[in-house]
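Colleague: For the sequence shown, position 193 (counting from the first letter as 1) is numbered 193 according to the working numbering, and the numbering increases by one without interruption. Next up is a structure, given as structure tokens.
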Amino acid sequence: MNAALTFYTNPMSRARVTRWMLEETGLPYQTEILEYGTSMKAPAYRAINPMGKVPAIRHGDTVVTENAAICMYLADLVPEKKLAPPAGSPARGPYYRWISFMGPLEQLMVAKSTGVQLPDPGMAGFGTEEDLVQTLAGAVEGRDHLAGDHFTAADLLVSAYIGWYLQFQLLPALPAFTRFVELHRKRPAAARANELDGPIPARG
Numbered sequence: 001m002n003a004a005l006t007f008y009t010n011p012m013s014r015a016r017v018t019r020w021m022l023e024e025t026g027l028p029y030q031t032e033i034l035e036y037g038t039s040m041k042a043p044a045y046r047a048i049n050p051m052g053k054v055p056a057i058r059h060g061d062t063v064v065t066e067n068a069a070i071c072m073y074l075a076d077l078v079p080e081k082k083l084a085p086p087a088g089s090p091a092r093g094p095y096y097r098w099i100s101f102m103g104p105l106e107q108l109m110v111a112k113s114t115g116v117q118l119p120d121p122g123m124a125g126f127g128t129e130e131d132l133v134q135t136l137a138g139a140v141e142g143r144d145h146l147a148g149d150h151f152t153a154a155d156l157l158v159s160a161y162i163g164w165y166l167q168f169q170l171l172p173a174l175p176a177f178t179r180f181v182e183l184h185r186k187r188p189a190a191a192r193a194n195e196l197d198g199p200i201p202a203r204g
């Protein structure tokens, strides 16, 4: 991989997930830190991500936004790291499944954090809170890896998002959740990423 890789971020954002993934790949990359309301909304950055939000990566002429897409893209750049199951393998199904499951989780968590009334389960992409939490807990209960028998981007995303929402007390601190988060938080790449980004301030 010879093309330059640039990471657009703010440490106090979900872009921390992409930082961790970048550290897992071992690829060289340049970091550009953007500020909310100013450089993140400036024309120069909107030319990269019209949404004016982070994370984003630019790899040569290719731009990728959204944590899930970025992590899958990066995993495919370094097949030797085995951060994604091989194409066509049975493990590819749960790999896509649990990465995509972070979408409904985000929808529910944002709704809870803003205090809005949860929509009817038939309209909500996450169904009911009880079903979502039980499904996620069942996925990680007694299991170290979600797709195959080794660490992949699915484990990274799911543990990162569970950890994020446990910290803000939006998910219940079930033993299955805390065990899964702590298991993957111990990875050297996760430690490097957290050192680069610094601590997340406690919620007041």
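We treat Cβ as the ideally placed atom computed from N, Cα and C, and that holds for glycine.
What are the boundary residues of the beta strand (DSSP E) that includes residue 5?
Modeller: Run containing residue 5: 5 to 9, per the beta strand (DSSP E) assignment.
Colleague: Any heavy atom of the ligand PLP within a distance shorter than 7 Å of the CB on residue 135?
Modeller: Looking for the ligand PLP in the displayed structure turns up nothing, as the structure carries no ligands at all.
Colleague: Buried or exposed for residue 20, going by 16 or more other Cβ atoms inside 10 Å?
Modeller: Buried, because 16 or more other Cβ atoms sit within 10 Å of the Cβ of residue 20.
Colleague: Quick one: using the 10 Å Cβ neighbour count with 16 as the cut-off for buried, is residue 85 buried or exposed?
Modeller: When all chains shown are included, residue 85 counts as buried.
Colleague: By alpha-carbon positions, which one of 108, 140, 113, 147 ends up nearest to residue 130?
Modeller: Out of 108, 140, 113, 147, 108 has the C-alpha closest to the C-alpha of residue 130.
Colleague: Mapping DSSP to helix, strand and coil, what is residue 169?
Modeller: Three-state DSSP puts residue 169 in coil, outside helix and strand.
Colleague: Once the 5 residues before and after residue 148 are set aside, which same chain residues still bring their CB inside 7 Å of it?
Modeller: Once the five neighbours on either side are set aside, the close Cβ partners of residue 148 are 85, 91.
Colleague: Could you work out which residue in 135, 22, 38, 29 is closest to residue 68 when comparing CA atoms only?
Modeller: Taking only the C-alpha atoms, the option nearest residue 68 is 22.
Colleague: Roughly how many angstroms separate the alpha carbons of residue 180 and residue 159, rounded to a whole number?
Modeller: Approximately 6 Å, taken between the alpha carbons.
Colleague: Can you name, in chain order, every residue of its own chain whose Cβ lies under 8 Å from the Cβ of residue 165, other than the five neighbours on each side?
Modeller: The residues are 105, 109, 171.
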